[in-house]
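Numbering that gives the first Met the number 0 puts the sequence shown at residues 0 to 117. Here the structure is laid out as structure tokens; the discussion comes afterwards.
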Amino acid sequence: MPIRVHVACDHQIIRRSLAALLDSDESLDVIRTSPEGVRGLEAVRNTRADVLVLAVPPHEDIAQHADWYRQAISDAGIVGFAVTDEQAEGYRTAGIEEIIYSHNSTADLSQAIHRVAP
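And the structure:
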């Protein structure tokens, strides 16, 4: 059974690109994409994904967003999507262990999703 993945990112082009890349992996099922934040939280609650790929904008509080999403889907794994080292550190500080940078490969992202899947 494929791992159910939700991609939450404010940037539509990144969100759709990640979903398209992940859809090529038969072990994954991208069940929804959404902006992150309040609208993303509602979408995540409704989809019950196994894994959330979360891209928090650099100017936002990553720890706060991570807490919100953990409350919404406490049994799902979270993969942080980072562009900068500062973002990656924010995810680590928030307790998100799997972090993928924008320069990583699709295979790296898929492996991270598999590692955090319940």
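For every residue, glycine included, the Cβ atom is placed at its ideal position computed from N, Cα and C.
In the DSSP assignment, D66 falls outside any beta strand (DSSP E) and lies within the alpha helix (DSSP H) extending over 61 to 71. D28 is positioned such that its CB atom lies closer than 7 Å to that of R3. Excluding its 5 nearest sequence neighbours in each direction, D107 has C-beta neighbours in its own chain below 8 Å: I99, listed in chain order.
Shortest Cα-Cα distance from N103 to any of A87, A116, V115, D66 involves A87.
CA-CA distance, T46 to D84, rounds to 30 Å. In terms of CA proximity to P1, A48 leads the group A48, Q70, V43. Its chain contains D9 as the residues whose beta carbon lies nearer than 7 Å to that of P56, once the 5 sequence neighbours on both sides are disregarded; these appear in chain order. A check of alpha carbon separations from R31 across A71, A18, Q63, I72 identifies A18 as the nearest.
Closest in C-alpha terms to W67, from the list A81, E41, H58, comes E41.
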